[in-house]
Amino acid sequence: MSIATNDFRRLVETHQRMVFSLALRVTGERGTAEEVAQDAFLELHRELIQRQPRLESEDHVRFWLRRVTVHRATDALRRRSRRPEAQAEEWVEEQHIEENGEALSAAVVALLEELLRTLPEQMRIAIVLRYQEEMAPDEIANLLNQPLATVKSNLQRGLQLLRRKAAVTMKEYVR
Numbered sequence: 000m001s002i003a004t005n006d007f008r009r010l011v012e013t014h015q016r017m018v019f020s021l022a023l024r025v026t027g028e029r030g031t032a033e034e035v036a037q038d039a040f041l042e043l044h045r046e047l048i049q050r051q052p053r054l055e056s057e058d059h060v061r062f063w064l065r066r067v068t069v070h071r072a073t074d075a076l077r078r079r080s081r082r083p084e085a086q087a088e089e090w091v092e093e094q095h096i097e098e099n100g101e102a103l104s105a106a107v108v109a110l111l112e113e114l115l116r117t118l119p120e121q122m123r124i125a126i127v128l129r130y131q132e133e134m135a136p137d138e139i140a141n142l143l144n145q146p147l148a149t150v151k152s153n154l155q156r157g158l159q160l161l162r163r164k165a166a167v168t169m170k171e172y173v174r
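0 is the number of the first residue of the sequence shown in numbering that gives the first Met the number 0; add one for each residue after it.
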């Protein structure tokens, strides 16, 4: 049983927030994230109109979209890094994060987002997939076609680096 082409609109509505959010976390730029999300959904449409589509369930579509989004976002980062003086767009996502029952301000969220964008690409992607998308390390390894040990290492090293950077940048918020 495969997902029909006429389900495309429903699939976009169901997954657009996840795809855009993931693209934004990886790229750090709203405009680039919008392009990445658009590319991911175009690729989904192409996949659905094939004579023998390979997507068989909602879970399969979600996994497939995550993989495509991460790959397209990584491609966009590589293209951007080749351009001289690429400028990052300022962005603050409106969200509330609670820590010990206290909501952190938008300024703290913005600082955390900025620190996350400074991490090396593979560490940033692993952290976003683990903590934003709530994927298990083995799922991340499968999605990225990487050994589990590499994913765990990227998570551990990325979190350590993030903590060190936060300790310097956000002294009043870090214990």
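In this text, a Cβ means the ideal position worked out from N, Cα and C, and glycines have one as well.
Backbone CA spacing between residue i and residue j [nearest angstrom]
i, j, result
"A36", "R162", "30 Å"
"I96", "V108", "With a pLDDT of 39 at I96, under the threshold of 50, the modelled position of this residue cannot be trusted; read the value that follows with caution. Approximately 8 Å, taken between the alpha carbons."
"L128", "L21", "8 Å"
"R77", "P146", "22 Å"
"Q159", "S56", "37 Å"
"D38", "R71", "7 Å"
"R116", "G157", "11 Å"
"L143", "V18", "16 Å"
"F7", "A148", "36 Å"
"R122", "Q155", "According to the sequence displayed, residue 122 carries Met and not Arg. Rounded to the nearest angstrom, the two C-alpha atoms are 9 Å apart."
"K151", "I126", "10 Å"
"R29", "T73", "15 Å"
"A75", "Q15", "18 Å"
"I48", "M169", "49 Å"
"R53", "E42", "13 Å"
"E112", "M134", "19 Å"
"A32", "N153", "23 Å"
Three-state secondary structure assigned by DSSP to residue i
i, result
"L23", "helix"
"M17", "helix"
"R53", "coil"
"M122", "helix"
"P146", "coil"
"K151", "helix"
"A165", "helix"
"E42", "helix"
"E34", "helix"
"E92", "Interpretation of E92 is limited by its pLDDT of 34, a score under 50 that renders its predicted location unreliable; the figure taken from the coordinates is listed afterwards. It is coil, neither helix nor strand."
"A109", "helix"
"E84", "Because E84 sits at a pLDDT of 37, beneath the cut-off of 50, its placement in the model cannot be relied upon, and the following sentence gives the value as read from the coordinates. Coil, per DSSP."
"E138", "helix"
Cβ-Cβ separation, residue j to residue i (assumed contact under 8 Å), whole Å
i, j, result
"L114", "A166", "Between A166 and L114 the Cβ distance is about 10 Å, and since that is not below 8 Å, they are no contact."
"V11", "V69", "Not confirmed; about 18 Å, so no contact."
Open item on the list: Count Cβ pairs between the stretch 131-146 and the stretch 62-80 that sit closer than 8 Å; are there 3 or more?
Closed with: Enough Cβ pairs lie closer than 8 Å, so yes.
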